[in-house]
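A.B. asks:
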Amino acid sequence: MPDPAVLAQQANDPTFPGIWEELVWRGHVHVSTDAEELRHLLAGGPITYYCGFDPTAPSLHLGNLVQLLVMRRLQLAGHRPLGLVGGSTGLIGDPRPTAERTLNTKDTVEEWVGYLQAQVSRFLSAEGDNAVTLVNNLDWTAPLSAIDFLRDIGKYYRVGTMLKKDAVSARLNSDAGISYTEFSYQILQGMDYLELYRAHGCVLQTGGSDQWGNLTSGTDLIRRAEGVSVHAIGTPLVTNSDGTKFGKSEGNAVWLDPALTSPYAFYQFWLNTDDADVISRLKVFTFLPRVEIERLESLVASEPFKREAQRTLAWDVTSLVHGVEATDAAIHAAQALFGQGDLSSLDQATLEAALRELPNTTASSSAAVVHLLVDTGLSASLSEARRAIAQGGVYLNNHKVDSDEATIAGAVLPGGFAVLRRGKKTLAGVFVA
RNA sequence: GGCGAGUUACCCAAGUGGCCAAAGGGAUCUGACUGUAAAUCAGACUGCUUCGCAUUCGGGGGUUCGAAUCCCUCACUCGCCA
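In this text, residue positions in the first sequence follow my numbering: the first is 1, and each later residue adds one.
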């Protein structure tokens, strides 16, 4: 369910001549079909475009959010979005550069399709002439026989061309090799575009630039099958300036589903953005107009320690994904927990609410700290928990724990809880039963 | 189908009978410094009932006092030939 209030606040920046120019400025365009043609097309009357999401997990993640925002910007410019969730492509799996995917069961994929559809629909308006339409490629691939597939679609594909796609050649040159299954993926995606062109008049597909081979698979197929030239935009992979992977927190992907990544963790993820990255993140992940982003850019330069840009970014993206209420709760929790010193001076209800935002566990009043570290997920194993304590990285209610035999006895705050911390900013709550 | 090469911890990659829980780099974690930043420096990085024990080097079996290292076999990958 989209939050109408959040969607209503979004707008493209009117100071740009058109949506194309804005997409370019925000850094959304890495590769595309003919840029001049696209600019004209997007500046004209409504066109239909699509972007696909494969159910390879029970939730979308931040990489997918980039695509959703591109879709939303195009929708705000008056164009008509088709949100595709890959019920069939998700059964195959697109070739990753490193290794073959493990196939998920049909039941699992079907379940995930439902989750992703719900998420996709949250970010796009279902109102008006250009309301979003959700489609599932299983609807047109499931009825297709192998013979029809090979005769009607396969004939348009040249193996030489297919082998040259980055995704395929990377795997051919690796130890992992590639199965026929994943090799065929590009054909399925090409078929999707052709189907959507025929059924909906779709003439633009957007996607990550790592999907470029699959995007052009569709434009090539439509040119051959229909003699029509359609378009594709490949958005750049979002990267961190220090070379690490974007979108990871504590080694895990940052998910849009609050059950998988809490709003608190989500907010913290954005708040911790590097100075070097924060401006480009604002461009990609928010609807703030150019002047505002430029103002924040100058603040990063003049008073970086205030982290105004990071705060704005964190608030904007968290409220977009989780709503204003959850965002405020996450901020209040952080203020309580990152406040200096004495936790017992905090208001009991505030503290309890903050702990509810964190990973937490229930324990007896004499539970060992090492076990709580594991139970709350702050440490992956008892050995790791002991190590963390030995290195002086564990705190109970802001007091350093100096023995791996410590328990929470005597440290329980009024109200029956305790705050466990690993390192400077990884927190968890303990509720005493 | 034939021949050759290969499969080491999250990733890359050393190691070719004991000194190997396994070099080095990256990633990650902790500490110092800080702005809940970056860079830098230091430490850690299989598990556990943690000063010791257990389990790892594609799977299974064998040789040996002793194997990641030798042999057999299965699986997978790459290359060349057909």
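Just so it is clear, CB atoms sit at the ideal spot from N, CA and C, and this is done for glycine as well.
When the Cβ atoms of the stretch 197 to 213 are set against those of the stretch 41 to 56, are three or more pairs found closer than 8 Å?
C.D. replies: yes
A.B. asks: Have a look at lysine 248 and threonine 426 and give me their C-alpha separation to the nearest angstrom.
C.D. replies: 14 Å
A.B. asks: State buried or exposed for aspartate 347, treating a residue as buried only when at least 16 other CB atoms are found within 10 Å of its CB.
C.D. replies: exposed
A.B. asks: Within this structure, are the beta carbons of arginine 420 and threonine 376 separated by less than 8 Å?
C.D. replies: Note that residue 420 is leucine in the sequence shown, not arginine. A distance below 8 Å separates the beta carbons of leucine 420 and threonine 376.
A.B. asks: Leaving out the 5 sequence neighbours to the left and right, which residues in its chain are closer than 8 Å to serine 439 when beta-carbon positions are compared?
C.D. replies: Limits of the chain in this structure are 1 at one end and 433 at the other, which puts residue 439 out of reach.
A.B. asks: Could you check where the alpha helix (DSSP H) with tyrosine 193 kicks off and where it finishes?
C.D. replies: 185 to 200
A.B. asks: Return the CA-CA distance between valine 254 and arginine 307, expressed in angstroms with no decimal places.
C.D. replies: 21 Å
A.B. asks: Assuming the contact rule is C-beta atoms closer than 8 Å, glycine 83 and leucine 124 should be a hit. Round their C-beta distance to whole Å, please.
C.D. replies: 6 Å
A.B. asks: Between the C-alpha atoms of valine 291 and aspartate 274, what's the straight-line distance to the nearest angstrom?
C.D. replies: Distance between the alpha carbons of valine 291 and aspartate 274: 21 Å.
A.B. asks: Give me the DSSP bridge partner(s) of alanine 253.
C.D. replies: Lys248
A.B. asks: Can you list, in chain order, the residues of its chain whose CB lies under 7 Å from that of threonine 362, leaving out five sequence neighbours each side?
C.D. replies: Phe431 and Ala433
A.B. asks: Quick one: what does DSSP say tyrosine 157 is sitting in, helix, strand or coil?
C.D. replies: coil
A.B. asks: Which residues does DSSP pair with phenylalanine 431 in a beta bridge?
C.D. replies: Looking at the DSSP assignment, phenylalanine 431 forms a beta bridge with Thr362 and Phe417.
A.B. asks: Could you pull out every residue in the same chain whose Cβ sits closer than 6 Å to the Cβ of alanine 259, ignoring the five residues on either side in sequence?
C.D. replies: none
A.B. asks: For threonine 181, which of helix, strand or coil comes out of DSSP?
C.D. replies: Helix, per DSSP.
A.B. asks: Give the DSSP-derived three-state secondary structure of phenylalanine 53 in the structure shown.
C.D. replies: strand
A.B. asks: Between which residues of its own chain and valine 401 is the CB-CB distance below 7 Å, once the five residues before and five after are set aside?
C.D. replies: Val369, Ile389, Val394 and Tyr395
A.B. asks: Could you give the distance in angstroms between the alpha-carbon of aspartate 316 and the alpha-carbon of leucine 194?
C.D. replies: Computed Cα separation, rounded: 36 Å.
A.B. asks: I need the boundaries of the beta strand (DSSP E) containing alanine 232, first residue and last residue.
C.D. replies: 231 to 235
A.B. asks: Could you tell me if threonine 219 is buried or exposed, where buried requires 16 or more neighbouring beta carbons within 10 angstroms of its beta carbon?
C.D. replies: buried
A.B. asks: Within the stretch 19 to 70, note down every full alpha helix (DSSP H) run reaching 4 residues or more, in order along the chain.
C.D. replies: 19 to 25 and 35 to 43
A.B. asks: DSSP three-state call for leucine 7: helix, strand or coil?
C.D. replies: helix
A.B. asks: Are isoleucine 408 and leucine 351 closer than 8 Å when you measure CB to CB?
C.D. replies: no
A.B. asks: Rounded to a whole number of angstroms, what is the C-alpha to C-alpha distance between tryptophan 140 and valine 85?
C.D. replies: 13 Å
A.B. asks: What number of angstroms, rounded off, separates the C-alpha of methionine 1 from the C-alpha of alanine 8?
C.D. replies: Any answer about methionine 1 is weak, because its pLDDT of 49 lies below 50 and its placement is not dependable; what the coordinates show is given next. Near 14 Å, if we compare the C-alpha coordinates of alanine 8 and methionine 1.
A.B. asks: Residues in the same chain with beta-carbon distance under 7 Å from glycine 392, minus the five sequence neighbours each way, listed in chain order, please.
C.D. replies: Taken in chain order, the residues that qualify are Lys400.
A.B. asks: In angstroms, rounded to a whole number, what distance separates the CA positions of threonine 181 and glutamate 100?
C.D. replies: 10 Å
A.B. asks: Between serine 344 and alanine 329, what straight-line distance do the alpha-carbon atoms span, to the nearest angstrom?
C.D. replies: Their Cα atoms are separated by approximately 20 Å.
A.B. asks: Assuming isoleucine 153 and isoleucine 187 make a contact with CB atoms under 8 Å, what is their CB distance in whole Å?
C.D. replies: 6 Å
A.B. asks: Please report the residue range of the beta strand (DSSP E) in which leucine 396 lies.
C.D. replies: 394 to 396
A.B. asks: Skipping 5 residues on each side, what residues in its chain have a beta carbon closer than 6 Å to that of proline 289?
C.D. replies: Scanning its chain for C-beta atoms nearer than 6 Å, with the 5 sequence neighbours on each side dropped, one finds around proline 289 the residues Asp13, in chain order.
A.B. asks: With the cut-off set at 8 Å, would you say isoleucine 279 and valine 29 are in Cβ contact?
C.D. replies: no
A.B. asks: Using the Cα positions of alanine 265 and tyrosine 156, report the straight-line distance between them to the nearest angstrom.
C.D. replies: 47 Å
A.B. asks: When the Cβ atoms of the stretch 19 to 33 are set against those of the stretch 60 to 73, are three or more pairs found closer than 8 Å?
C.D. replies: These segments touch.
A.B. asks: Please name the residue, chosen from Glu303, Thr318 and Leu60, that lies closest to glycine 90 on a Cα-to-Cα basis.
C.D. replies: Leu60
A.B. asks: Ends of the alpha helix (DSSP H) at asparagine 214?
C.D. replies: For asparagine 214, the uninterrupted alpha helix (DSSP H) run begins and ends at 212 to 226, by DSSP.
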